[in-house]
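A quick write-up on the structure given underneath.
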Amino acid sequence: MILTDTHTHLYSEEFENDRNQMIQRALDQGVSRLFVPSIDSSYTQKMLELQQEFPENVFLMMGLHPCYVKPETYLQELNHVEKLLQEKKFYAVGEIGIDLYWDKTTLYIQKEAFKFQIQLAKKHQLAINIHCRDAFDEVFEVLESESSEELFGIFHCFTGDFQQAKRAINLGMKLGIGGVSTFKNGKIDQFLKEIEIENIVLETDSPYLAPVPFRGKRNESSYTMLVAQKLAEIYGLAVEEIAAITTENSKEVFGI
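Mapping of the sequence shown onto this note's numbering: residues 2 to 257, in sequence order.
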């Protein structure tokens, strides 16, 4: 059984003391495809080293996270993203998007950075990996302005409603489903069965958003199995079927 974690911050400081053991736990659970999003240039070297250390299992994305879009540095950071995409192999542009939870004052430049990186993804024929927090209207506004056959990817950590899910799918996105699906108040489990499973990929967003029974603790990629078990319950399928279908879906997005 092969499971794919489409969003895991393996380079996080949270894993400083046991990173290799944590990755081995994931591999032991069958989570053998680990897709790593970028946050900003300060993590690029760590990401590249991880990919070199685990070439069969770690696949990288390149992008500028919306929380790191700052007036004084964002143009330099976008230049870094553009340069790296030209020089090295990446499997998506991400994570990119809009976050109005932490800082609403940067909305204009967040939109600018999001749009620019979508255009980079189209240029390189890559998927995008979207971060959206308290910003569904704003994210959809940018996505719809860039809508085309070249636009595709994953709506990471999807927490919207059924209508927003359909809207995202119609724009070429698959829904990244993780630990929130196991929360009592997570809500998405209430309508997920109405979404065709061909539109779903698994993720952890580790070290964040650990699924039940580890909610509130450090998340890690081995817990992809817990998300797969929850989806098996929701869809009435075997865990092996969930693993196979969602891994195929991830291959469709990342091209590998």
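Built from N, CA and C at the ideal position, the CB exists for glycine as well.
DSSP places Leu238 outside both helix and strand once states are collapsed to three, so it counts as coil. One Cα belongs to Phe60, the other to Gly237, and the distance between them is close to 30 Å.
Residue state for Gly180 is assigned as helix, using DSSP reduced to three classes. Counting only residues of its own chain and dropping the five nearest sequence neighbours on each side, Lys47 has a CB closer than 8 Å to the CB of Tyr12. The beta carbon of Met23 is closer than 6 Å to those of Phe16 and Glu221 in its chain, skipping five residues each way along the sequence. According to DSSP, residue pairing for Asn130 in a beta bridge involves Gly95 and Ile155. For the options Pro208, Pro67, Phe117 and Glu113, the alpha carbon positioned closest to that of Trp103 is the one of Pro67. The residue from Tyr44, Lys116, Leu232 and Met2 with its alpha-carbon nearest to that of Ser33 is Met2. Short of 6 Å from the beta carbon of Leu193, and not among the five residues preceding or following it, lie these beta carbons of its own chain, in chain order: Ile235. Within 10 angstroms of the beta-carbon of Tyr75 lie 16 or more other beta-carbons, which makes it buried. Residues of the same chain with a CB within less than 8 Å of the CB of Ser149, apart from the 5 flanking positions on each side, are Lys123 in chain order. Here Met63 has Ser39, Val82, Leu85, Leu86, Phe91 and Val94 as same chain residues with Cβ atoms under 7 Å from its own Cβ, once five neighbours each way along the sequence are excluded. Rounded to whole angstroms, Glu145 and Glu113 show a C-alpha spacing of 14 Å. For Phe115, the enclosing alpha helix (DSSP H) begins and ends at Leu108 to Lys124. Residue burial annotation: Asn80 is exposed, with fewer than 16 other C-beta atoms found within 10 angstroms of its C-beta. Remark: C-beta atoms of Gly161 and Ile131 do not approach each other more closely than 8 Å. Taking one beta carbon from each stretch, the segment 177-195 and the segment 212-227 have 3 or more pairs nearer than 8 Å; the two touch.
The residue among Glu199, Lys71, Gln118 and Ile178 with its C-alpha nearest the C-alpha of Val143 is Gln118.
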